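Report on the following structure.
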Amino acid sequence: MGIHQAVNSRHDDPAGHDAPDKVVVCGVSKAFAKGGGELAVLEAVDLTVQDGQFVCLLGPSGCGKSTLLNIIGGFERPTRGSVTIDGEEVARPDPRRVFVFQEYGIFPWASVWDNVALGLRHMKDKAAQSEIVQRYVDLVGLGGFERTYPMELSGGMKQRVEVARALAVSPDVIYMDEPFGALDSLTRLQMRSELIRIWQAEKKTILFVTHDVDESIQLAERIVVFTARPGRIRDVVTVDLPHPRDLGSAEYGRVKNHLYELLGVSHTI
Ligand SMILES: Nc1ncnc2c1ncn2[C@@H]1O[C@H](COP(=O)(O)OP(=O)(O)OP(=O)(O)O)[C@@H](O)[C@H]1O
Ligand SMILES: [Mg+2]
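Residue numbers (my numbering): 2 to 270.
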């Protein structure tokens, strides 16, 4: 634990979040075998996420964002370094932590209700189970669609089912890998504000991968900006703007310019 505490102190959150450290990534590098050689994907990544924080991982395509999320989630092992959650090293996936992906992971043969209930099927107290399912169906705005099947839902509604299913198991960390990437831009905006509302109500730790600068500013308390592959942390930007965020404000524009600078791209064309 000592070594991780030393790392934490270097990554104190400037926003003054005094919640305990939840996820600690310490010196993580990852290389994949490629045609007899190696492909370096992540290099010396150090990151601390506090309990209840909403953190976006932002970087260009192929910089290793999904790989890092998979390492934190226990689906991949780092080549070097370690990840701990609540001080325990992550070595495998853990049911207390859930992933929400872009691809629709809900089951087409199951109703909204049954999809959300999936992670609770072990519960013996069926009344308590029903209460939880209803609570999250309502929270994501799908009340009235409990008996509907995925083929009758829009893309945004399907993503809401995924979010409800993830929340229903009462996870302590939620990993989201471009969950709204396949949605049209209006639905994406709406899903972001709904996600913030849910995060504020549920106080979960969320690690959210995106390559969309606006998405990261709309959502995150902290934005971890990566370089191109091999991904290293370029900087961690604190977004100290109250929700709902005013996308037209001068401060929003300043954060956006700063992020584009860090990413090394011009956003005037
Ligand atoms: N299992 C794997 N085996 C070999 N190479 C992999 C594997 N997973 C990822 N890579 C490589 O690692 C690099 C980073 O991939 P990753 O999916 O983490 O990027 P990303 O930042 O999530 O990109 P995007 O924004 O496009 O999703 C890519 O070059 C990819 O080809
Ligand atoms: Mg990815």
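All residues carry an ideal CB built from backbone N, CA and C; glycine is no exception.
Here the structure is a predicted model, which means the values were calculated and not measured.
Pair within 7 Å by beta-carbon distance, residue i and residue j
{"i": "D52", "j": "K23", "result": "yes"}
{"i": "F209", "j": "C64", "result": "no"}
{"i": "F146", "j": "V113", "result": "yes"}
{"i": "Q54", "j": "E195", "result": "no"}
{"i": "G106", "j": "P94", "result": "no"}
{"i": "V214", "j": "L143", "result": "no"}
{"i": "G88", "j": "V29", "result": "no"}
{"i": "V225", "j": "V237", "result": "yes"}
{"i": "V25", "j": "T68", "result": "no"}
{"i": "H123", "j": "I197", "result": "no"}
{"i": "P172", "j": "V99", "result": "yes"}
{"i": "Q130", "j": "L121", "result": "yes"}
{"i": "P231", "j": "A34", "result": "no"}
Cβ shell of residue i (< 7 Å), same chain only, five flanking positions each side left out
{"i": "A7", "result": "Here the model assigns A7 a pLDDT of 34, short of 50, so the residue's position is not dependable and the matter cannot be decided."}
{"i": "Y137", "result": "V117, A165, L168, A169"}
{"i": "Y253", "result": "I218, L242, R246, D247"}
Span separating the alpha-carbon of residue i from that of residue j
{"i": "D139", "j": "V117", "result": "11 Å"}
{"i": "L263", "j": "E203", "result": "32 Å"}
{"i": "L70", "j": "F102", "result": "11 Å"}
{"i": "W200", "j": "Y176", "result": "13 Å"}
{"i": "A229", "j": "D185", "result": "26 Å"}
{"i": "S250", "j": "T206", "result": "27 Å"}
{"i": "L220", "j": "T188", "result": "15 Å"}
{"i": "A128", "j": "W110", "result": "23 Å"}
{"i": "V266", "j": "I72", "result": "28 Å"}
{"i": "N258", "j": "R235", "result": "15 Å"}
{"i": "C27", "j": "L48", "result": "7 Å"}
{"i": "T80", "j": "G38", "result": "14 Å"}
{"i": "D126", "j": "T149", "result": "24 Å"}
{"i": "E216", "j": "T239", "result": "14 Å"}
{"i": "V50", "j": "L119", "result": "29 Å"}
{"i": "E153", "j": "V141", "result": "17 Å"}
{"i": "I133", "j": "R97", "result": "16 Å"}
Paired residues, beta bridge with residue i - DSSP
{"i": "F100", "result": "Y176"}
{"i": "A41", "result": "A32"}
{"i": "R223", "result": "V56, T239"}
{"i": "C81", "result": "Cys is not the amino acid found at residue 81; the sequence shown has Arg there. In DSSP, R81 forms a bridge with S30."}
{"i": "V210", "result": "L58, D178"}
{"i": "V256", "result": "Note: V256 sits in no beta bridge, so no partner."}
{"i": "L48", "result": "V26"}
{"i": "E90", "result": "T85"}
{"i": "I234", "result": "F227"}
Close beta carbons around residue i, own chain, < 8 Å, minus the five adjacent residues each side
{"i": "R233", "result": "L43, E44, A45, V46, F227"}
{"i": "G36", "result": "none"}
{"i": "H212", "result": "L59, G60, P61, S62, K66, E179"}
{"i": "Q191", "result": "G157"}
{"i": "R193", "result": "F181, E216, Q219, L220"}
Beta-carbon contacts of residue i that lie in its chain and below 6 Å, excluding the five residues immediately before and after
{"i": "V162", "result": "I107, V113, N116"}
{"i": "R78", "result": "none"}
{"i": "A20", "result": "Q51, D52, G53"}
Contact with chain C by residue i, beta-carbon distance below 7 Å
{"i": "A202", "result": "Of the protein chains in the structure, only one exists, and it is not chain C."}
message: Contact between the segment 153-162 and the segment 176-184 is defined here as three or more beta-carbon pairs at a separation below 8 Å; is this criterion met?
response: yes
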